[in-house]
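Enquirer: The following block contains the structure, expressed as structure tokens.
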């Protein structure tokens, strides 16, 4: 019923029963600069942080006048939802859609924003 001492070692594949992890990037030491660069490229932080940065810098994305009449309200699945103060301002945002997407991506870095959806504020 009991195991022989040598049996456990043979099953584990090495003397003493310990397996050695394969050498790869995940187990090899990395420099801090390399880790930070990878982190910045992947941007794993929450979309809420990206939306906050967009809201803070909205004027640089759409210009002063349009920023007074609109605000980014959500960013999910690559779609930036912007609330406009009227249907006229919503139409202007839609007309400038590609420029708004490009400007938003310049602010947040990368390609977080792929589409623009504009809704009209109904006094809520």
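Residue numbers (this note's numbering): 47 to 170. All C-beta atoms, glycine included, are put in the ideal place defined by N, C-alpha and C.
1. For my contact list, residue 159 and residue 124 are in at a C-beta cut-off of 8 Å; report their separation, rounded to the angstrom.
2. Give me the residue from 145, 76, 132 with the minimum Cα distance to residue 126.
3. With respect to the beta strand (DSSP E) encompassing residue 103, which residues constitute its N-terminal and C-terminal limits?
4. Go ahead and pull the three-state DSSP assignment for residue 125.
5. Buried or exposed for residue 129, going by 16 or more other Cβ atoms inside 10 Å?
Expert: Inspection of the coordinates gives the following:
1. Yes, they are in contact, since the Cβ atoms of residue 159 and residue 124 sit about 6 Å apart, within 8 Å.
2. Residue 145 is the option with its Cα nearest to residue 126.
3. Looking at the DSSP string, residue 103 is not in any beta strand (DSSP E), and its letter there is neither H nor E.
4. In this structure, residue 125 counts as strand in the three-state DSSP scheme.
5. buried
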